[in-house]
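Undergrad: Below you'll find the structure I mean.
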Amino acid sequence: MHKAPRIVLPNIISIIFVGLLLFYDKIMQHFPWIATTDQQEKVQLEHPDLEIGLKIGKDYAFVPLKRKEMTKEEERKIKRQFDVIAEQIVNVGNKNGQLKNEIFCQLIKQTTIGEQSEKQLKPTILQKAVRRGWHLIMLCCERFSPLHNFEKILLAHFDKALDVQQIQSEGLTSTMQEDISMYAVHSYNKLIMSILPRNILKVDEKTKFDIEKIRNERWNFDCELNDIMLRQSILPSPEKDFLVPSILIFLTNKIIQTDGLKTEGIFRKCVPIDEAENAIALLDLGDYNNQFFKDHDNPHLYAVLLMNWFYRLWEPIIPFKLYDDALNIVRPSEPNNDDNIAKITSCQFILSQLPLANILTLKYISRFLKYIYAGENVRQNKMPLENLALIFAPNLIRQKSKDPTEMNANLHLEIAFIRTVMLELSNLPIDWEDEKFEQSQRWIYDNYCKSN
Numbered sequence: 001m002h003k004a005p006r007i008v009l010p011n012i013i014s015i016i017f018v019g020l021l022l023f024y025d026k027i028m029q030h031f032p033w034i035a036t037t038d039q040q041e042k043v044q045l046e047h048p049d050l051e052i053g054l055k056i057g058k059d060y061a062f063v064p065l066k067r068k069e070m071t072k073e074e075e076r077k078i079k080r081q082f083d084v085i086a087e088q089i090v091n092v093g094n095k096n097g098q099l100k101n102e103i104f105c106q107l108i109k110q111t112t113i114g115e116q117s118e119k120q121l122k123p124t125i126l127q128k129a130v131r132r133g134w135h136l137i138m139l140c141c142e143r144f145s146p147l148h149n150f151e152k153i154l155l156a157h158f159d160k161a162l163d164v165q166q167i168q169s170e171g172l173t174s175t176m177q178e179d180i181s182m183y184a185v186h187s188y189n190k191l192i193m194s195i196l197p198r199n200i201l202k203v204d205e206k207t208k209f210d211i212e213k214i215r216n217e218r219w220n221f222d223c224e225l226n227d228i229m230l231r232q233s234i235l236p237s238p239e240k241d242f243l244v245p246s247i248l249i250f251l252t253n254k255i256i257q258t259d260g261l262k263t264e265g266i267f268r269k270c271v272p273i274d275e276a277e278n279a280i281a282l283l284d285l286g287d288y289n290n291q292f293f294k295d296h297d298n299p300h301l302y303a304v305l306l307m308n309w310f311y312r313l314w315e316p317i318i319p320f321k322l323y324d325d326a327l328n329i330v331r332p333s334e335p336n337n338d339d340n341i342a343k344i345t346s347c348q349f350i351l352s353q354l355p356l357a358n359i360l361t362l363k364y365i366s367r368f369l370k371y372i373y374a375g376e377n378v379r380q381n382k383m384p385l386e387n388l389a390l391i392f393a394p395n396l397i398r399q400k401s402k403d404p405t406e407m408n409a410n411l412h413l414e415i416a417f418i419r420t421v422m423l424e425l426s427n428l429p430i431d432w433e434d435e436k437f438e439q440s441q442r443w444i445y446d447n448y449c450k451s452n
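At position 125 of the sequence shown (counting the first as 1) the number is 125 in full-length UniProt numbering, and the numbers step up by one without a gap.
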């Protein structure tokens, strides 16, 4: 991993940031926010006029952790204080471009567990600090992205967080693994979405005209599923009769063709940004026969593109209006609830409430993912159903609200719902749709994937 640069803060920004750090000192007596790591002695505030209550140099930049028993009300008060601090940090980074990298640098350090911190901190305190650090990374990625020279460092940090074996080697519990992976997936999606639009390929005016002409016919990203299916319906046979978007069939074919079903860590590895940019530009044009795809045999590229396509649908596969109803299916019942009405299963909900195009798309991806988490493949790819549900949940179901606190509150329910949907839909009896899926897969392979 790239070594994180030393933090150097400009004059005005230093004062703001130091003020926040000093406010930490007041509440960190109860909960840790900034945890020490082996690298954290590098956190220096280089301005001669600043008099702050932090030791710099040999000492670590963290506040004494003296936790005491608290009442529920005291815990809620502390949480509200943390929320205020988080919002202040996010606002500072959003308004001051020169501070963005410094904030991400500090958070990378906080969420990197070193030997020194393991010796100094109790496991429960250390894990709470790491969890809070990842939560703040997600909140920051919701509002701003790092400057261009820091993107690869941050992506590498996300990549490590999605590596289950790496997390296990650091001694974290399974619950922590799930939390860290959730935050990393959300942060990764947000970062990629902010990077790609500002790195569009440079083309001449004639090419731009041609792109717009083709785009009106194909256009796969940043639109609704119904729009894709409508445009696909006017294409020549047999593509116009496909039950799901051609791009979905193409990308799953490429994952299979590049041996992605057996590739360790499929769907949790990052790829170079420029490769993703080029591929998305071509996929948006429907240029599946482009030499680019014949030359690239990295299954992680096609896995990233598949998740990216789902995430960039304007309306997620689970429509916004059905979000609450979907989560209620997996939400634990209240102890004193006298409602005797039996809940329907996730599968029944999908088949009865979703539009047909959404149902078929969910069926297709669920059947495909079963090849990854079932049988012999999972022993090699190390991606069981739980991991796939965790990674795909943000891409298949999300709420309209962009409030990070609300988004964070339902993460576990979203994962539980998607996990159940994947399992139930993939185990449905084979029917006519599966035959149509196989026919379209063969046609896409023969026309777009087969080597010459």
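Even glycine gets a Cβ: it sits at the ideal position worked out from N, Cα and C. None of the values given here were measured: they were computed from a predicted structure.
Indicate the three-state DSSP secondary structure (helix, strand or coil) for PRO404 in the structure shown.
TA: Translated into the one-based positions of the sequence shown, residue 404 becomes position 404. Here PRO404 sits in helix by DSSP.
Undergrad: Can you tell me whether TYR364 is helix, strand or coil according to DSSP?
TA: For this step, residue 364 is matched to residue 364 along the sequence shown. TYR364: helix per DSSP, three-state reduction.
Undergrad: Around the C-beta of SER333, are 16 or more other C-beta atoms found within 10 angstroms, so that it is buried, or is it exposed?
TA: Locating residue 333 in the sequence shown gives position 333, counting from the first residue. It counts as exposed.
Undergrad: Which residue from TRP314, LEU191, CYS223 and LYS382 puts its Cα closest to that of ALA276?
TA: Locating residue 276 in the sequence shown gives position 276, counting from the first residue. If we check each option's Cα against that of ALA276, LEU191 comes out closest.
Undergrad: Grab me the residues of ASN253's own chain with a C-beta within less than 8 Å of its C-beta, minus the 5 sequence neighbours each way, in chain order.
TA: Residue 253 sits at position 253 when you count from the first residue of the sequence shown. Once the five neighbours on either side are set aside, the close Cβ partners of ASN253 are GLN441, ILE444, TYR445, TYR448 and CYS449.
Undergrad: Among residues of its own chain, excluding the 5 on either side of residue 477, which ones have a beta-carbon nearer than 7 Å to its beta-carbon?
TA: No information on residue 477 is available, as it lies outside the stretch 1 to 452 that the chain covers here.
Undergrad: Tell me, please, whether the segment 256–268 touches the segment 414–434 by the rule of three or more beta-carbon pairs shorter than 8 Å.
TA: Not touching, per the Cβ criterion.
Undergrad: Hey, quick one: how far does the alpha helix (DSSP H) through LYS254 stretch, first residue to last?
TA: Numbered from its first residue, the sequence shown carries residue 254 at position 254. Counting along the chain, the alpha helix (DSSP H) containing LYS254 begins and ends at 246–257.
Undergrad: Could you compute how far the alpha carbon of CYS140 sits from the alpha carbon of GLN88?
TA: One-based indexing of the sequence shown puts residue 140 at position 140. One-based indexing of the sequence shown puts residue 88 at position 88. Rounded to whole angstroms, CYS140 to GLN88 spans 11 Å at the Cα level.
Undergrad: Given that a residue counts as buried once 16 or more other Cβ atoms are within 10 Å of its Cβ, and exposed if not, what is LEU230?
TA: Within the sequence shown, numbered from 1, the residue matching residue 230 stands at position 230. Flag for LEU230 reads exposed.
Undergrad: What do you get for ASP284, buried or exposed, if any count of 16 or more other CB atoms within 10 angstroms of its CB means buried?
TA: Here residue 284 is taken as the residue at index 284 of the sequence shown, counted from 1. The residue in question, ASP284, is buried, as its Cβ has 16 or more Cβ neighbours within 10 Å.
Undergrad: List the endpoints of the continuous alpha helix (DSSP H) containing LEU428.
TA: Taking the first residue of the sequence shown as 1, we reach residue 428 at position 428. Note, LEU428: premise wrong, no alpha helix (DSSP H); not H, not E.
Undergrad: Skipping 5 residues on each side, what residues in its chain have a beta carbon closer than 7 Å to that of GLN165?
TA: Your numbering for residue 165 matches position 165 in the sequence shown. Bear in mind that a pLDDT of 46 at GLN165, under 50, signals an unreliable position, so the model cannot answer this.
Undergrad: Please return the same chain residues whose Cβ sits closer than 8 Å to the Cβ of PRO384, not counting the five positions on each side in sequence.
TA: Reading the sequence shown from its first residue, position 384 is the one you call residue 384. Contacts found: TYR373 and VAL378.
Undergrad: By the 10 Å Cβ neighbour count, where 16 or more other Cβ atoms means buried, how is ALA326 classified, buried or exposed?
TA: Here residue 326 refers to the residue found at position 326 of the sequence shown. The residue in question, ALA326, is buried, as its Cβ has 16 or more Cβ neighbours within 10 Å.
Undergrad: Under the assumption that TRP134 contacts TYR183 (Cβ atoms under 8 Å), give the Cβ distance between them as a whole number of angstroms.
TA: Within the sequence shown, the letter at position 134 stands for residue 134. Within the sequence shown, the letter at position 183 stands for residue 183. 4 Å between Cβ atoms; contact.
Undergrad: Between ASN387 and TYR311, which are expected to be in contact by the criterion C-beta below 8 Å, what is the C-beta distance as a whole number of angstroms?
TA: Position 387 of the sequence shown, counted from the start, is the residue given in the question as residue 387. Position 311 of the sequence shown, counted from the start, is the residue given in the question as residue 311. With 8 Å as the limit, ASN387 and TYR311 do not qualify as a contact, their Cβ atoms being about 17 Å apart.
Undergrad: Here's a check: name, in chain order, each residue in its chain whose Cβ is nearer than 7 Å to the Cβ of residue 455, leaving out the five neighbours to either side.
TA: The structure shown has nothing for residue 455, since the chain only spans 1 to 452.
Undergrad: Exposed or buried, which one is TRP314 when buried takes at least 16 other CB atoms within 10 Å?
TA: Counting from 1 along the sequence shown, the entry for residue 314 is found at position 314. When all chains shown are included, TRP314 counts as exposed.
Undergrad: What is the rounded straight-line gap between the Cα of LEU22 and the Cα of LEU248?
TA: Residue mapping note: residue 22 aligns to position 22 of the sequence shown, counting from 1. Residue mapping note: residue 248 aligns to position 248 of the sequence shown, counting from 1. With a pLDDT of only 39 at LEU22, under 50, the local geometry of the prediction cannot be trusted, and the value read off the model is given with reservation. If I take the Cα positions, the gap works out to 50 Å.
Undergrad: Using only the alpha-carbon positions, how far apart do ASN290 and LEU282 sit?
TA: Translated into positions along the sequence shown, residue 290 becomes position 290. Translated into positions along the sequence shown, residue 282 becomes position 282. Using only the alpha carbons, I get a separation of about 8 Å.
Undergrad: Could you tell me if LYS128 is buried or exposed, where buried requires 16 or more neighbouring beta carbons within 10 angstroms of its beta carbon?
TA: In the sequence shown, residue 128 corresponds to position 128, counting from 1. Result: buried.
Undergrad: What would DSSP say about residue 455, mapped onto helix, strand or coil?
TA: Residue 455 lies beyond the range of the chain shown here (1 to 452); nothing can be said about it.
Undergrad: Less than 8 Å between the CB atoms is what I'm expecting for ILE391 and VAL130, so what's the real figure, rounded?
TA: Sequence index remark: in the sequence shown, residue 391 carries index 391 (1-based). Sequence index remark: in the sequence shown, residue 130 carries index 130 (1-based). The pair is not a contact, with the Cβ atoms about 20 Å apart (cut-off 8 Å).
Undergrad: Tell whether a beta-carbon distance below 9 Å holds between GLU376 and ARG398.
TA: The sequence position of residue 376 within the sequence shown is 376, counting from 1. The sequence position of residue 398 within the sequence shown is 398, counting from 1. No, the Cβ-Cβ distance between GLU376 and ARG398 is not below 9 Å.
Undergrad: Go ahead and pull the three-state DSSP assignment for GLN439.
TA: For the purposes of this step, residue 439 is identified with residue 439 of the sequence shown, where counting begins at 1. It is helical.
Undergrad: Might you give, ordered along the chain, the residues of its own chain that have their beta carbon closer than 6 Å to the beta carbon of LEU154, omitting 5 neighbours on each side?
TA: Here the question's residue 154 lines up with position 154 in the sequence shown. Contacts found: PHE104 and PRO146.
Undergrad: With distances taken from CA atoms, which of PHE437, VAL90 and ILE255 is nearest ASP297?
TA: Taking the first residue of the sequence shown as position 1, residue 297 is located at position 297. Ranking the options by Cα distance to ASP297, first place goes to ILE255.
Undergrad: How big is the Cα-Cα spacing for ASP274 and LEU162?
TA: The residue you call residue 274 lines up with position 274 of the sequence shown. The residue you call residue 162 lines up with position 162 of the sequence shown. Spanning the two alpha carbons is a distance of roughly 21 Å.
Undergrad: Counting only the same chain and skipping the five closest in sequence on each side, list residues whose C-beta sits under 8 Å from that of PRO299.
TA: Stepping through the sequence shown from its first residue, residue 299 is reached at position 299. Closer than 8 Å at the Cβ level, and outside the excluded window around PRO299, lie LYS254, ILE255, THR258, ASP259, GLY260, THR263 and ILE266.
Undergrad: Between SER346 and ILE329, which are expected to be in contact by the criterion C-beta below 8 Å, what is the C-beta distance as a whole number of angstroms?
TA: The residue labelled residue 346 in the question sits at position 346 within the sequence shown. The residue labelled residue 329 in the question sits at position 329 within the sequence shown. Between ILE329 and SER346 the Cβ distance is about 5 Å, and since that is below 8 Å, they are a contact.
Undergrad: Using beta-carbon positions only, say whether VAL244 and ALA357 come within less than 9 Å of one another.
TA: Within the sequence shown, the letter at position 244 stands for residue 244. Within the sequence shown, the letter at position 357 stands for residue 357. Yes, the pair counts as a contact, with Cβ atoms nearer than the cut-off.
Undergrad: Is it buried or exposed for THR405, if we count other Cβ within 10 angstroms and need 16 for buried?
TA: Here residue 405 refers to the residue found at position 405 when the sequence shown is read from its first residue. Exposed: under 16 other Cβ atoms inside 10 Å.
Undergrad: GLY97: buried (16+ other C-beta within 10 angstroms of its C-beta) or exposed?
TA: In the sequence shown, residue 97 corresponds to position 97, counting from 1. Under this definition GLY97 is an exposed residue.
Undergrad: Return the CA-CA distance between THR111 and MET407, expressed in angstroms with no decimal places.
TA: Numbered from 1 along the sequence shown, position 111 holds the residue referred to as residue 111. Numbered from 1 along the sequence shown, position 407 holds the residue referred to as residue 407. Going by the C-alpha atoms only, they are around 21 Å apart.
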